[in-house]
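Peer 1: If you want the numbering used here, it's the position in the sequence shown, counting the first as 1, plus 3.
Even for Gly, the Cβ is constructed at its ideal location relative to N, Cα and C.
The structure follows.
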Amino acid sequence: MKRCVGSILLFVLAAAAAAFASDQETLQQLISRANSAAPAQQPDLFLEVADRQVKAATDSYSANKPEDGRAALNQTVDYADKAHALVLKSGKKLPHTEIKIRRMAARLRDLKQNVDADEQAVVQGAVDKLEAFRTDLLKGMFGAKKLESN
Numbered sequence: 004m005k006r007c008v009g010s011i012l013l014f015v016l017a018a019a020a021a022a023f024a025s026d027q028e029t030l031q032q033l034i035s036r037a038n039s040a041a042p043a044q045q046p047d048l049f050l051e052v053a054d055r056q057v058k059a060a061t062d063s064y065s066a067n068k069p070e071d072g073r074a075a076l077n078q079t080v081d082y083a084d085k086a087h088a089l090v091l092k093s094g095k096k097l098p099h100t101e102i103k104i105r106r107m108a109a110r111l112r113d114l115k116q117n118v119d120a121d122e123q124a125v126v127q128g129a130v131d132k133l134e135a136f137r138t139d140l141l142k143g144m145f146g147a148k149k150l151e152s153n
């Protein structure tokens, strides 16, 4: 019994350590892993990069570093676009990708309320692009197929 409990505890600790290590992966490591991943895995990895860039943009604007914030916003849009294009091409994971992009856009709308007036247009531009990606994904899920069948 003690051996079984010890084995289970060891397994749980190993799993927790692995999860912690994946959270500690640097952004550059994640980007290189995303670029070299199998096409089926790339959209999720690109979305993870975009999500981290949203956090980086929020942190940069909070630290009064608008240049870094703008760069992070551009990266957010770039990687969300890569994920959106791959998902539209494959036809898989459309709802998952749409949800992730919707959440990023919502976080950026919240960010827009907390930045200087000069920066609000930049943030709104990123939100508009993410919303355009969402519209494409929604059309891919519902629009084009439904219209063609009528």
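On the DSSP letters alone, give me the boundaries of the alpha helix (DSSP H) that Pro46 sits inside.
Peer 2: 45–65 is the span of the alpha helix (DSSP H), which, as asked, contains Pro46.
Peer 1: For Asn38, which of helix, strand or coil comes out of DSSP?
Peer 2: Helix, per DSSP.
Peer 1: Going by DSSP in three states, Asn117 sits in which element: helix, strand or coil?
Peer 2: It is coil, neither helix nor strand.
Peer 1: Ignore the nearest five residues each way along the sequence and tell me which others in Ala109's own chain have a CB closer than 8 Å to its CB.
Peer 2: Nothing listed; no residue qualifies.
Peer 1: Specify, as a first and last residue, the run of the alpha helix (DSSP H) that Thr79 falls within.
Peer 2: Note, Thr79: alpha helix (DSSP H), 69–93.
Peer 1: Here's the rule I'm using: 16 or more other beta-carbon atoms within 10 Å means buried, otherwise exposed. How should Phe136 be labelled?
Peer 2: Buried is the call here.
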